[in-house]
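Just so we're aligned: 379 in the working numbering is position 379 of the sequence shown, and the numbers increase by one with no gaps anywhere.
Glycine included, C-beta positions come from ideal geometry on N, C-alpha and C.
Worksheet for the structure shown next.
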Amino acid sequence: MKIKMRALQLESLTKYAFRAPSWWVSLILIAIAGALIELLAYLSANVPSGLGIAVAVPQIAVILLTIPLTKRCYQKFTWNRAGLLALANTVFCLLFLFFAFLPVFNIIFSYILASGFTLALTIAILTAVVDYRTGKILPAALLPAVLQLAAVFFIAGPQYLLPALIADAAFAFAAVLFLRVFDKPLKRGSGLIAMQFVNIYISHITGTGSGGADQMEQYLTNISEPAVVPETTFFFRREGKQDVWFVVPNLHPGPLSDIGGSNFPNILFEEFKDDALLFVSHGCASHDLNLISNNETEKIADAIRRSKAAAEKNPEFYQASASAPVRSSCGSVSILSQRLGNSLLMVATRSPEMTEDMDYSIGRIIIGEAKRWYEQVGFADGHNCMVKEDKITYPSTRIGNEYIKGATDAIESMRSSEMYPLSAGAAHTKLPFGRKDGFGDTGLVSLVTEAGGKKTAYVLFDGNNVKGGVRDILRDAVLKEGFDECEIMTTDSHIVNTISGRNPVGMAVPAEEILPYVLQSVRDAAADLSPAKVGAASEDCENVQVFGPGKIIQLTSEVSGIVSHLLPLFGLFLLAAALITVVTWLLL
1 MKIKMRALQL ESLTKYAFRA PSWWVSLILI AIAGALIELL AYLSANVPSG
51 LGIAVAVPQI AVILLTIPLT KRCYQKFTWN RAGLLALANT VFCLLFLFFA
101 FLPVFNIIFS YILASGFTLA LTIAILTAVV DYRTGKILPA ALLPAVLQLA
151 AVFFIAGPQY LLPALIADAA FAFAAVLFLR VFDKPLKRGS GLIAMQFVNI
201 YISHITGTGS GGADQMEQYL TNISEPAVVP ETTFFFRREG KQDVWFVVPN
251 LHPGPLSDIG GSNFPNILFE EFKDDALLFV SHGCASHDLN LISNNETEKI
301 ADAIRRSKAA AEKNPEFYQA SASAPVRSSC GSVSILSQRL GNSLLMVATR
351 SPEMTEDMDY SIGRIIIGEA KRWYEQVGFA DGHNCMVKED KITYPSTRIG
401 NEYIKGATDA IESMRSSEMY PLSAGAAHTK LPFGRKDGFG DTGLVSLVTE
451 AGGKKTAYVL FDGNNVKGGV RDILRDAVLK EGFDECEIMT TDSHIVNTIS
501 GRNPVGMAVP AEEILPYVLQ SVRDAAADLS PAKVGAASED CENVQVFGPG
551 KIIQLTSEVS GIVSHLLPLF GLFLLAAALI TVVTWLLL
C-alpha cells in the first residue's frame, strides 16, 4: 500500500505558520482605533466617554508588558507576536461593540463580552506559543483583563463589576477546559503533551526559541526506539589521489530543518573530509528511520570505519575492475547498474514520475537477492523527481514490485557482464545557493567512472528531491558532454525544509541556473580520472535511535487532527461562556 505522507510529515504542520507584522504597526493601529472610538463618544451620547481608552490601553499593555511577564516561561515571546495578539484582541473588541446595536444589550454589555472573549483568546494563544503550562502564563493573560475590569468600574460604575467578573471567569474556564481537552488524545495515545509539541514547533520554525531543535529532539526521544540498520560503502582508492567513498545508508535524513538527523549527509561528509570525498546517497528509508538526533550520525560513521577495517584484512578486497554501465527498466522504474569489483551498485529512479522514499523492506529484499552472487550490493534511491504527491512505496504495491523485479532482473543480467580496468574521478562543487533555495550545506558532488571505454557520471545534490523535469534536463545535458550514462541524485536532506514542506532542487532556482555548475562538476570529475581500485563493504549501524515504525505518522496525524478538529470545539466552549454572560446580564 502507499500512504500519502505529505499530510502526515512534520513538514505538513508548517501550513499553520505565518509571520507577525511589526509590533509598532500594531501599536499605531490600536491607538488609531482608540482615538476613533473617543471621537465617536464625542459625537454621540450613546457612546460613553473613555471607551476608546478602555479598548486601547489594555492592549497597549499587552504589547509593553507581556514579554517581561513571560520572561521565565518555556519559550520566548517576541514584540511582533505581542503586537499581533494585542491587535487581534482590539479587532475582536470592535466586533463585539457592534452588539450594542441590538435592542436587548447596551455598549457596556458588549465591552464586557469582548473582555471575556479576549481573555480566553489570550490564554489559548500564550499557552500555545509561550508555555504549555497554563499557570505560567496567567499573570500575562490576566493583566489586560484586570485593566478592562477597572475600565468597567470607572466608565459604567461598580454595579457592572459582577457581570464582568462572571464573564471573565466563564471565558477563562472555557479556555482552560479546551486546553485540557486538547492534550488528552496525544497523551492517551503516546504519553506526550500536545501543547508542548506546539510550543517547541512554533518556536523552532519561527526561530524565536533558544535551543528549539534540541528541545524538539528531547521531546521526540519519548517516542524513539533503537534500530539496527545496514549501510554499504564502495571504497575507491587511487594512487596519489584522495579516496572516494560512495555510501548507501538505509536511514532517513529527516524530519525537517535541523531537527533530528535532517543534516546527517553533510555531517557525515564533514566527518570524513580528511579521509575521502564522501558521496552520501539515499538508501531505502522513510521517515520511520529518521535519526532522533544528528548526534546519531556518529553510529553511521562508526559502521563505515568498522566495515572498512574488517574488509581491508582481506588482501583481495580492492579490485581494479568494473563493468560498463547498464540501464534497465521494469514498468515505470529505471535502474542504472554497474559492477564494481566483486560488488554491484544500482541507482533507481521513476523520473518523470514521482520518485520518493521506498520502505526499508524493499532494500532488504533486493540486497538479499543480490547476495547470492555478489559480495556486496548498494541499492540507492535516486530520489530525483518530485511531482504532485509525496508517497512512500511499499513492497506490496505495483510500484514496489516494479522496483523489486527490476532490481532482480538487473542483478541476474549483470552477472555475465564483462569486466574492464577501472578509472575513477570525483569533484566537490560549492554552490552559490543555500538552504532556502533547496540546496544543503554539502552542495554538489560528482563521481565519474570509466570502464570499457564507457564513462558514467553520478551527480549528487545535497537536497530533498528534484523538481519534476529538472532531472531530465540536467541528465540530457551531461550526456551531451560525452558521457555514456548519468544519474542525477539527491541525499534527501531535510535541512532544506523549514517553513515549506516542499523545496526540491530546481524549484527556487531554475534548471538553467543550476546546469553550469553540474557541467563544471562532471568536467572536473572527468579531469580527475585515474586508475582506481574499488571494494565494497557493509556493516550494521547498531543501536541507532530512530523515530520508529509509524511513530512520525502517528504523532503528526494526531497533532494535525487535534488542531483541525478541536478548534471548532473551542468555538463551542466560547459560545457557552457567552451564553453564561448573557444570562447573567439579563438576570442582574
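Query raised in the report: Could you give the distance in angstroms between the alpha-carbon of HIS494 and the alpha-carbon of PRO249?
Result: 15 Å
Requested in this report: Reducing DSSP to helix, strand and coil, say where THR442 ends up.
Outcome: coil
Report task. With a 10 Å radius around its C-beta and 16 neighbouring C-beta atoms as the bar for buried, classify THR581 as buried or exposed. Result -> buried
Query raised in the report: Leaving out the 5 sequence neighbours to the left and right, which residues in its chain are closer than 7 Å to MET414 when beta-carbon positions are compared?
Result: SER323, VAL326, SER337, ARG339, LEU344
Query raised in the report: In its own chain, which residues sit with a C-beta less than 8 Å from the C-beta of ALA489, not counting the 5 before and 5 after it?
Result: The question names Ala, yet the displayed sequence has Met at residue 489. Result list for MET489: SER281, HIS282, VAL347, ALA380, GLY382, HIS383, ASN384, TYR458, VAL459, LEU460, PHE461, in chain order.
Query - Short Cβ contact (9 Å threshold) for GLY425 with ALA525 - result: yes
Requested in this report: Buried or exposed for LYS299, please, with buried defined as at least 16 other CB atoms from any protein chain shown within 10 angstroms of its CB.
Outcome: buried
Query raised in the report: Are there three or more Cβ pairs, one per stretch, closer than 8 Å when the region 288-305 is compared with the region 530-543?
Result: yes
Query - ALA590 and LYS371 closer than 9 Å at C-beta - result: In this structure the chain extends from 1 to 588, so residue 590 is not present and cannot be described.
Report task. Return no unless some Cβ of chain C is closer than 9 Å to the Cβ of PHE96. Result -> In the displayed structure, chain C is absent; only one protein chain is listed.
Requested in this report: Since I believe GLY331 is in contact with ILE375 (beta carbons under 8 Å), could you give me their beta-carbon distance rounded to a whole number of angstroms?
Outcome: The sequence as given places Glu at residue 375; Ile does not occur at that position. Their Cβ separation, rounded to whole angstroms, is 29 Å, which puts GLU375 and GLY331 out of contact at 8 Å.
Query - Among ASN89, LEU447, ALA175, THR491, nearest to SER286 - alpha-carbon criterion - result: THR491
Query raised in the report: Within 10 angstroms of its Cβ, does ARG180 collect 16 or more other Cβ (buried), or is it exposed?
Result: exposed
Query raised in the report: What is the DSSP secondary structure of THR221, counted as helix, strand or coil?
Result: helix
Query raised in the report: How long is the line joining the alpha carbons of ARG475 and MET507, rounded to whole angstroms?
Result: 17 Å
Query raised in the report: When DSSP builds the beta bridges, which residues end up paired with TRP245?
Result: PHE235, LEU278
Query - Where ALA215 sits in the DSSP three-state scheme - result: With the sequence shown as reference, residue 215 is identified as Gln, and Ala is not the correct amino acid for it. Correct three-state label for GLN215: helix.
Query raised in the report: Taking Cβ to Cβ, would you say LEU51 is nearer than 9 Å to LEU143?
Result: no
Query raised in the report: Quick one, are the C-beta atoms of LEU277 and VAL247 less than 9 Å apart?
Result: no
Requested in this report: Enumerate, from N- to C-terminal direction, the unbroken beta strand (DSSP E) stretches of 3 or more residues contained entirely within the region 281-331.
Outcome: 321-323, 326-330
Query raised in the report: Under three-state DSSP, which class holds LEU569?
Result: helix
Report task. With a threshold of 16 other CB atoms inside 10 Å of the CB of ILE28, please say whether the residue is buried or exposed. Result -> exposed
Query raised in the report: According to the Cβ coordinates, are LEU186 and GLN319 closer than 9 Å?
Result: no
**Report entry** Touch test, the region 111-119 against the region 572-586, Cβ-Cβ under 8 Å, three pairs minimum
**Finding:** yes
Report task. Return the bridge partner residues of MET414 from the DSSP annotation. Result -> Beta-bridge pairing links MET414 to no other residue.
Query - Test item: CB-CB of ILE155 and SER49 under 9 Å - result: yes
**Report entry** Classification of ASP168 by the beta-carbon crowding that lies within 10 angstroms, buried from 16 upward
**Finding:** buried
Query raised in the report: Among CYS486, LEU587, SER446, GLY463, which residue has its Cα nearest to the Cα of TYR517?
Result: SER446
Query raised in the report: Thinking C-alpha only, which one of SER110, GLN215, PRO21 is nearest VAL47?
Result: SER110
Requested in this report: Give the single residue among ILE362, ILE366, ALA174, CYS93 whose Cα lies nearest to the Cα of ILE639.
Outcome: What the structure shows of the chain is the stretch from 1 to 588, and residue 639 is not part of that stretch, so it cannot be assessed.
Query - Cα-Cα separation, TYR219 to ASN295 - result: 15 Å
Requested in this report: Helix, strand or coil for PHE461, going by three-state DSSP, please let me know.
Outcome: strand
Query raised in the report: Is it true that the region 72-81 meets the region 126-133, where meeting means three or more beta-carbon pairs spaced less than 8 Å apart?
Result: yes
Query raised in the report: How big is the Cα-Cα spacing for LEU569 and LEU431?
Result: 49 Å
Report task. Would you mind sorting ILE610 into buried or exposed? The rule is 16 or more other CB atoms within 10 Å of its CB. Result -> Here the chain has residues from 1 to 588 only, and residue 610 is not among them.
Query - Short Cβ contact (9 Å threshold) for HIS293 with GLY261 - result: The question names His, but residue 293 in the sequence shown is Ser. Their beta carbons are under 9 Å apart, which means SER293 touches GLY261 by this criterion.
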